[in-house]
Amino acid sequence: AGWAVNFDKLLQDESGIAVFTEFLKKEFSEENIIFWTACKDYKNIIDEEYRKVKAKEIYERHISARASDPVNVDSAARLHTDKFIDTPNSIMFDLAQQQIFQLMKTDSYARFLKSELY
Numbered sequence: 003a004g005w006a007v008n009f010d011k012l013l014q015d016e017s018g019i020a021v022f023t024e025f026l027k028k029e030f031s032e033e034n035i036i037f038w039t040a041c042k043d044y045k046n047i048i049d050e051e052y053r054k055v056k057a058k059e060i061y062e063r064h065i066s067a068r069a070s071d072p073v074n075v076d077s078a079a080r081l082h083t084d085k086f087i088d089t090p091n092s093i094m095f096d097l098a099q100q101q102i103f104q105l106m107k108t109d110s111y112a113r114f115l116k117s118e119l120y
């Protein structure tokens, strides 16, 4: 499937994402790929009202202090996202998304390549 070439290649493949998500479920860290995918989709939202709704959903689920599926990002990423929550734009989650990308790439991806699922 070419997923071992690099992590970006895996994330560009629908079935690669599906298998990686299964792996993350077993590791109890699927919130990372869910967040990353939600951010990727969020960037393509053109309608302003819909963007506000989705921004709040992503924020409440993954970033806020009371998040149901919190992701492990630093305070700078949290503050950056907080700054835009009332006036969402297409890049408000970029810092947090990049941190989660790095976390998955350096941590989960290496274990995934050694797993039975790969």
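First residue of the sequence shown: 3, per this note's numbering; consecutive thereafter. No residue lacks a Cβ here, since even glycine has one placed at the ideal position from N, Cα and C.
Look at the region 21-107 and you find these whole runs of alpha helix (DSSP H), each 4 residues long or longer: 33-44, 50-60, 77-86 and 96-105.
Between the alpha carbons of E50 and N91 lies a gap of roughly 9 angstroms. With respect to the C-alpha of I93, the residue from A112, E16 and K45 having the closest C-alpha is K45.
Three or more beta-carbon pairs separated by less than 8 angstroms link the region 3-19 to the region 106-113, which places the two stretches in contact. The beta carbon of R63 sits closer than 7 angstroms to the beta carbons of A69, S70 and D71 from its chain, once the five residues preceding and following it are set aside; these are given in chain order.
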